[in-house]
Structures are given as C-alpha cells and as structure tokens.
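Q: I have a structure I would like to understand better, so I am pasting it below and will then ask my questions one at a time.
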Amino acid sequence: MWSKIAHYFSEYPKRLSVAKVLVENGLSVRDGRIFCNEIEVPPVRVARVAGVDRRTVVETVKMITEDEELRTIFSLIRNAGASLREVARPLNFGVVEITPIDPKMVGIVAGVTSILAQNNISIRQVLTDDPELSPDPKLTVIADRKIPGELIPEFLKVR
Numbered sequence: 637m638w639s640k641i642a643h644y645f646s647e648y649p650k651r652l653s654v655a656k657v658l659v660e661n662g663l664s665v666r667d668g669r670i671f672c673n674e675i676e677v678p679p680v681r682v683a684r685v686a687g688v689d690r691r692t693v694v695e696t697v698k699m700i701t702e703d704e705e706l707r708t709i710f711s712l713i714r715n716a717g718a719s720l721r722e723v724a725r726p727l728n729f730g731v732v733e734i735t736p737i738d739p740k741m742v743g744i745v746a747g748v749t750s751i752l753a754q755n756n757i758s759i760r761q762v763l764t765d766d767p768e769l770s771p772d773p774k775l776t777v778i779a780d781r782k783i784p785g786e787l788i789p790e791f792l793k794v795r
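The sequence shown begins at 637 in the working numbering and counts up by one.
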C-alpha cells in the first residue's frame, strides 16, 4: 500500500510527509476533511506533526480527494484503536517486544503467540509495525500477566 501512495506523492516530498502522518495515525480523508474514525482533525494539528505548514496539509487533502485511487485508500483508513503498549507495565501486563531479522518473514506472530498459548498465557493485544512505514518494525505482544524470562530463548528460536 505504501509504495502505491508514495508513487503519487513522489514529486511532492512535503505532501508525502503529510500522507505518511495520515497513514501512521490511521487518519482518513473524507469529503475534503481529515478524521480519526469519526472525530474531525484540524489540518493545523496534522501540519505540526508532519513538520509542514497548514496549506501543505490542505493541498495534500485536495490531491487525495481529486484522485480516485487515493480517495478510495484514504477514505477507508481507520484508526486501529487504543494501544496498551505504554500502559501495559503499570497495569502489570506482560510485554514481549520482538525485532525480527526479516519483518516480512511469514509466521512470526504465529510462533510467538503459540509459545504463549503453550504456557497458558492469555494475550490481550498484538501490535505490529508496518515494515513499509517503520525503519525498525517490531512485534509487541501484551499478555494478561508477566511473561517468564525462561521463555526468551523460545522467542529467539521463532523463524
């Protein structure tokens, strides 16, 4: 998906930065406006995060709205919901974070979740970074309790 979006903005690096902020934050563009699910987000807020001025955001939204393929992609994007990543430790949930050697390798999530299931550890949330959007993508698994240290060698075997 990202390579397709990047292609459209290849001649507009600042607009590409705006598009990246939209995608990374699950922000959609509908009717010429920016939304986080059903909450409208002012262009100036996106501009601050993208490091551009408000007009660049407005032009990016206009470009998205005027192109059928971009409009389709950006109108259907939704925020995935609340992440427990930052609050897991204070809530005494277990957290395992994996940085794969090859993030496009098949079976990483299945391998890690299988190890937890075999040890009767319930999973609350699984978060993955998109390898196309993140220079250092990670898999974060949040469990209902602390994850025993002796499982670390098992996680390291996951291929």
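Backbone N, C-alpha and C fix where the C-beta goes; we use that ideal spot for every residue, glycine too.
1. How about residue 744 and residue 759: do their beta carbons lie closer than 9 Å?
2. Below 8 Å, can you find three or more Cβ-Cβ pairs linking the region 725–737 to the region 770–789?
3. Residue 685 by DSSP, collapsed to three states: which one?
4. Contact between the region 744–755 and the region 686–699: three or more CB pairs below 8 Å?
5. Where does the unbroken beta strand (DSSP E) through residue 776 begin, and where does it stop?
6. Under the assumption that residue 676 contacts residue 669 (Cβ atoms under 8 Å), give the Cβ distance between them as a whole number of angstroms.
7. Compare the beta carbon distance of residue 671 and residue 680 with 9 Å and say whether it is the shorter of the two.
A: In short:
1. Counting from one through the sequence shown, the residue named residue 744 turns up at place 108. Counting from one through the sequence shown, the residue named residue 759 turns up at place 123. No, the Cβ-Cβ distance between residue 744 and residue 759 is not below 9 Å.
2. yes
3. Against the sequence shown, residue 685 aligns to sequence position 49. Assignment of residue 685 by DSSP, reduced to helix, strand and coil, places it in the helix class.
4. no
5. Here residue 776 refers to the residue found at position 140 of the sequence shown. Counting along the chain, the beta strand (DSSP E) containing residue 776 begins and ends at 775–779.
6. The sequence position of residue 676 within the sequence shown is 40, counting from 1. The sequence position of residue 669 within the sequence shown is 33, counting from 1. The C-beta distance from residue 676 to residue 669 rounds to 6 Å, short enough to fall under 8 Å.
7. By one-based count along the sequence shown, residue 671 stands at place 35. By one-based count along the sequence shown, residue 680 stands at place 44. No; because the gap between Cβ atoms is not below 9 Å, this pair is not in contact.
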